[in-house]
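Asker: For the sequence shown, the numbering used here puts the final residue at 491, and the numbers step up evenly by one. All residues carry an ideal CB built from backbone N, CA and C; glycine is no exception. From a predicted model like this one, the values you see are computed outputs, not experimental measurements. The structure under discussion is supplied below as structure tokens; questions concerning it will follow.
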Amino acid sequence: MSVIDNYPLIPHPQPIGSYSPEDVVFLLKNIDGLVPEIDNQEREEAIQRGTHYSEMLPVEYQPKPEYIALFHKMLQATGPKIALAAAIVAEQILKIKGPSTILVSLARAGTPIGILIKRYLIAKYKIKLPHYSISIIRGKGIDENAMLYMMQQHPGFAIQFIDGWTGKGAIASELIKACQVFNEKYGEKLEPDLAVLADPGHCASLYGTREDFCIPSACLNSTVSGLISRTVHRSDLIGDLDFHGAKFYSQWRRQDVSGLFIETIAGHFPLASPEAVQAGQQILSRQEPPTWAGLESIKRLQMAFTIPEINMIKPGVGETTRVLLRRIPWKILIDSRNNPNLQHILLLAKDRGVEVEEFPGMSYSCCGLIKTMGAD
Numbered sequence: 116m117s118v119i120d121n122y123p124l125i126p127h128p129q130p131i132g133s134y135s136p137e138d139v140v141f142l143l144k145n146i147d148g149l150v151p152e153i154d155n156q157e158r159e160e161a162i163q164r165g166t167h168y169s170e171m172l173p174v175e176y177q178p179k180p181e182y183i184a185l186f187h188k189m190l191q192a193t194g195p196k197i198a199l200a201a202a203i204v205a206e207q208i209l210k211i212k213g214p215s216t217i218l219v220s221l222a223r224a225g226t227p228i229g230i231l232i233k234r235y236l237i238a239k240y241k242i243k244l245p246h247y248s249i250s251i252i253r254g255k256g257i258d259e260n261a262m263l264y265m266m267q268q269h270p271g272f273a274i275q276f277i278d279g280w281t282g283k284g285a286i287a288s289e290l291i292k293a294c295q296v297f298n299e300k301y302g303e304k305l306e307p308d309l310a311v312l313a314d315p316g317h318c319a320s321l322y323g324t325r326e327d328f329c330i331p332s333a334c335l336n337s338t339v340s341g342l343i344s345r346t347v348h349r350s351d352l353i354g355d356l357d358f359h360g361a362k363f364y365s366q367w368r369r370q371d372v373s374g375l376f377i378e379t380i381a382g383h384f385p386l387a388s389p390e391a392v393q394a395g396q397q398i399l400s401r402q403e404p405p406t407w408a409g410l411e412s413i414k415r416l417q418m419a420f421t422i423p424e425i426n427m428i429k430p431g432v433g434e435t436t437r438v439l440l441r442r443i444p445w446k447i448l449i450d451s452r453n454n455p456n457l458q459h460i461l462l463l464a465k466d467r468g469v470e471v472e473e474f475p476g477m478s479y480s481c482c483g484l485i486k487t488m489g490a491d
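Shown next as structure tokens:
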């Protein structure tokens with residue numbers, strides 16, 4: 116008998132978010148009204164003074180109409196590529212883990228990708244895997260109550276962690292540490308396998324592509340992620356049997372494109388399926404362990420720009436987008452202004468008055484450099 120068998124039952128979650136529970140169940144505590152949002156400047160200063168990012172919520176940037184139009188344009192343009200990448204990942208998961216598997220997406224970037232993987236497996240194989248979205252926080256680890264809940268609800272099932280993309284591998288590293296801690300504490304054999312749509316950082320074991328391209332779900336905040344905020348963990352808000360917290364932006368239902376994103380991509384699955392089977396088998400047959408090559412590239416960049424803290428560098432299209440949406444950027448590095456994957460990056464940078472510099476030779480299409488507060 117394991118430790119989990121004697122552990123108190125974790126209460127069922129309350130509904131939160133705009134997705135159907137058929138697509139995903141968020142294992143998150145609704146903290147509406149409990150955590151005030153603060154502007155990016157104040158939040159950045161607090162983070163650099165030592166306040167943990169998970170103890171605050173940013174004011175969510177509401178893009179201008181031209182940026183929303185660009186999102187829709189990119190969604191149409193990249194739809195087939197994203198569908199193929201999601202299908203390739205789904206094929207690998209099914210091959211390795213089998214039909215008794217829980218899909219565990221990491222909120223919130225992983226949530227729509229987990230839904231796409233679930234949808235593909237239903238469409239192609241009529242296999243319906245349980246899918247939950249949970250919190251993992253850099254420096255604090257994974258939501259253990261969420262893990263315990265899933266294991267209590269689905270005893271004997273394998274677990275597959277899912278995220279949207281990799282940058283320098285901070286979450287992949289956090290997942291490895293979190294699984295070690297969980298296994299030691301509960302006597303389990305949790306594997307930190309991470310599946311992502313795009314792995315430009317070379318730090319995921321399962322991936323759809325390693326191209327650093329624009330995934331439209333990275334271009335918006337809650338309005339493409341089920342109207343859920345970033346996850347929050349504060350001891351004064353989260354009880355012993357609570358899940359990590361999140362805010363539900365129900366007031367933005369009219370702006371919500373979470374469902375549109377899923378339906379648009381899923382519509383391309385029939386054409387993606389034949390190629391996905393073959394591509395998934397090829398990736399598995401190569402048996403390439405993560406090399407973390409992206410992290411080495413970032414260390415070189417850190418030296419070139421004398422950046423004191425590596426967490427001030429956010430590599431890749433997805434992470435650079437996040438920097439522009441919710442941090443205080445110093446400058447944006449791009450490989451080329453002619454890179455078609457960077458249209459929204461250039462538009463956001465212009466909108467926020469951020470310097471853009473060409474810096475060829477990176478492992479990524481772009482990198483966001485966060486401003487050191489108090490510096491000139």
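Considering only their Cβ atoms, is the gap separating Ser248 from Phe141 smaller than 8 Å?
Answerer: Closer than 8 Å, so yes.
Asker: From the DSSP output, which residues share a beta bridge with Pro430?
Answerer: Answer is Cys482, bridged to Pro430.
Asker: Can you find the residues in the same chain that come closer than 8 Å, C-beta to C-beta, to Ala224, ignoring five residues on each side of it along the sequence?
Answerer: Cβ within range, chain order: Asp278, Gly279, Trp280, Ser332, Ala333, Ser340, Gly433.
Asker: In whole angstroms, give me the CA-to-CA distance for Pro430 and Asp351.
Answerer: Spanning the two alpha carbons is a distance of roughly 33 Å.
Asker: Looking at the strands, I want to know which residues DSSP matches up with Asn145.
Answerer: BP columns for Asn145 point to Ala361.
Asker: Mapping DSSP to helix, strand and coil, what is Trp280?
Answerer: Trp280 falls in the strand class under three-state DSSP.
Asker: Count the C-beta pairs between the stretch 234-242 and the stretch 260-273 that are closer than 8 Å, then say yes if the count reaches three, no if not.
Answerer: Cβ pair count under 8 Å is below three, so no.
Asker: Suppose the cutoff is 6 Å on Cβ atoms and the five residues either side in sequence are ignored; what does the same chain contact list for Ala205 look like?
Answerer: Within the same chain, Ala205 has close Cβ partners Ile232, Tyr235, Leu236.
Asker: Using three-state DSSP, classify Thr487 as helix, strand or coil.
Answerer: The answer is coil: DSSP assigns Thr487 none of H, G, I, E or B.
Asker: Is it true that the stretch 443-457 meets the stretch 469-487, where meeting means three or more beta-carbon pairs spaced less than 8 Å apart?
Answerer: The answer is yes - the stretch 469-487 touches the stretch 443-457, with three or more Cβ pairs under 8 Å.
Asker: May I ask which residues mark the beginning and end of the beta strand (DSSP E) holding Leu399?
Answerer: Element bounds for Leu399: not the beta strand (DSSP E) but the alpha helix (DSSP H), 384-401.
Asker: Quick check on this structure: which residue in Ile217, Ile286, Thr226 has the alpha carbon closest to the alpha carbon of Ala273?
Answerer: The candidate whose alpha carbon is nearest that of Ala273 is Ile217.
Asker: Note the first and the last residue of the continuous alpha helix (DSSP H) segment covering Leu410.
Answerer: That run of the alpha helix (DSSP H) goes 408-419.
Asker: Which term fits Val118, buried or exposed, when burial requires 16 or more other beta carbons within 10 angstroms of its beta carbon?
Answerer: Exposed, since its Cβ has fewer than 16 Cβ neighbours within 10 Å.
Asker: With C-beta atoms as the reference, is Pro440 less than 8 Å away from Ser133?
Answerer: The displayed chain sequence assigns Leu, not Pro, to residue 440. Cβ distance not < 8 Å, so Leu440 and Ser133 don't count as in contact.
Asker: Since Val118 sits in a beta bridge, which residues does DSSP pair it with?
Answerer: Beta-bridge pairing links Val118 to no other residue.
Asker: Over the uninterrupted alpha helix (DSSP H) stretch that includes Ala381, give me the two end residues.
Answerer: Element bounds for Ala381: 373-381.
Asker: Hey, which unbroken runs of the beta strand (DSSP E) at 3 residues or more fall wholly within the stretch 212-251?
Answerer: Counting whole runs of 3 or more residues, the stretch 212-251 contains the beta strand (DSSP E) stretches 216-221, 246-249.
Asker: I'd like to check one pair, Ala361 with Ala222: are the Cβ atoms closer than 8 Å?
Answerer: Closer than 8 Å, so yes.
Asker: Would you mind working out which of Ala287, Leu305, Trp407, Ile125 sits nearest Val311, comparing C-alpha positions?
Answerer: Among Ala287, Leu305, Trp407, Ile125, the Cα nearest to that of Val311 is on Ala287.
Asker: Is there contact here, the stretch 172-180 with the stretch 387-400, by at least three beta-carbon pairs under 8 Å?
Answerer: As far as the Cβ criterion goes, the stretch 172-180 does not touch the stretch 387-400, which means the pair count is below three.
Asker: Once DSSP output is grouped into helix, strand and coil, what is the label at Ile274?
Answerer: DSSP places Ile274 in strand when its eight states are reduced to three.
Asker: Does the beta-carbon of Ser400 have 16 or more other beta-carbons within 10 angstroms, so that it is buried, or is it exposed?
Answerer: Classification for Ser400: exposed.
Asker: Given a cut-off of 8 Å on the beta-carbon distance, is the pair Pro307 and Ile330 in contact?
Answerer: Their beta carbons are not under 8 Å apart, which means Pro307 does not touch Ile330 by this criterion.
Asker: Quick one: does the C-beta of Gly271 sit closer than 7 Å to a heavy atom of the ligand GDP?
Answerer: For the ligand GDP, the structure offers nothing, since it holds no ligand at all.
Asker: Use the C-beta contact count for Ala184: other C-beta atoms within 10 angstroms, 16 or more gives buried, fewer gives exposed.
Answerer: Exposed, since its Cβ has fewer than 16 Cβ neighbours within 10 Å.
Asker: Figure out for me which residue from Asp466, Cys294, Ile428, Pro423 has the closest Cα to the Cα of Ile413.
Answerer: Ranking the options by Cα distance to Ile413, first place goes to Ile428.
Asker: To the nearest angstrom, how far is the alpha carbon of His246 from that of Pro227?
Answerer: Those two C-alpha atoms are separated by around 11 Å.
Asker: Could you check which residue in Leu143, Asp371, Glu159, Glu137 has the C-alpha nearest to that of Pro126?
Answerer: Minimum Cα distance to Pro126 is reached at Leu143.
Asker: Is the beta carbon of Ala394 closer than 8 Å to that of Ile211?
Answerer: No, the pair does not count as a contact, with Cβ atoms beyond the cut-off.
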